[in-house]
Amino acid sequence: MKKLLVLVLLSVLLFILDNALMPFFAVKSFYPGLLIIFVICYSIVNGTWEGMWLGVFAGLLQDIYFSYGFGINSFTNMIVCVIAGIVGNSIFRKRRLIPVISCFLLVLFKGLLIMGILYLCGVYVNIKNVFFTGIYDMILCIFMYKPIYNLCNKDYMEAKWKF
Numbered sequence: 001m002k003k004l005l006v007l008v009l010l011s012v013l014l015f016i017l018d019n020a021l022m023p024f025f026a027v028k029s030f031y032p033g034l035l036i037i038f039v040i041c042y043s044i045v046n047g048t049w050e051g052m053w054l055g056v057f058a059g060l061l062q063d064i065y066f067s068y069g070f071g072i073n074s075f076t077n078m079i080v081c082v083i084a085g086i087v088g089n090s091i092f093r094k095r096r097l098i099p100v101i102s103c104f105l106l107v108l109f110k111g112l113l114i115m116g117i118l119y120l121c122g123v124y125v126n127i128k129n130v131f132f133t134g135i136y137d138m139i140l141c142i143f144m145y146k147p148i149y150n151l152c153n154k155d156y157m158e159a160k161w162k163f
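The working numbering puts the sequence shown at residues 1 to 163.
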């Protein structure tokens with residue numbers, strides 16, 4: 001229960017920071033998404049199943065401010081988190097290099113997936129936005145991955161089998 005409370009509160013806090021504070025750190029109108037970085041890193045550390053549910057929850061939060069279709073962020077976050085969980089199962093999680101590169105590629109993939117869905121709906125988005133946001137997210141992921149990894153290894157965040 002404590003784990004669920006921590007994840008919900010962190011997600012809501014990062015969502016608020018994404019919408020209230022991060023636009024002030026924009027570089028040429030591109031700013032990072034703290035929530036998607038957190039969700040991807042969490043999925044890499046904890047695996048597909050837990051990451052998928054956190055990704056759907058984070059996507060629902062992101063869909064609140066997404067005016068072109070409710071559910072698009074939930075759907076794309078779910079796909080990205082499943083892929084991140086698969087990547088996390090096949091790497092050594094203590095190192096930062098592969099998770100940071102994976103975060104960059106998964107943010108690009110999410111952006112391209114959203115672009116494709118919006119294109120089918122008749123809304124056009126510049127691909128440059130996706131690329132520069134991915135770079136910004138990758139830079140922040142360098143600093144966010146280790147604290148997320150340490151958070152996921154706390155006693156109350158790990159599921160322990162009791163026999």
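Ideal Cβ placement from N, Cα and C applies to all residues, glycine included.
- When the Cα atoms are used, Phe-109 and Lys-3 turn out to be separated by approximately 28 Å.
- Assignment of beta-bridge partners to Phe-30 by DSSP yields Val-27.
- Distances from the CA of Ile-86 to each of Phe-30, Cys-41, Ser-29, Gly-71 were compared; the closest alpha carbon is that of Cys-41.
- Between Ile-117 and the set Tyr-136, Pro-32, Tyr-68, Met-1, the nearest pair of CA atoms involves Tyr-68.
- A contact between stretches requires three or more CB pairs, one per stretch, nearer than 8 Å, and the segment 28–36 meets this requirement with the segment 135–155.
- Secondary structure at Leu-97: helix, using DSSP grouped into helix, strand and coil.
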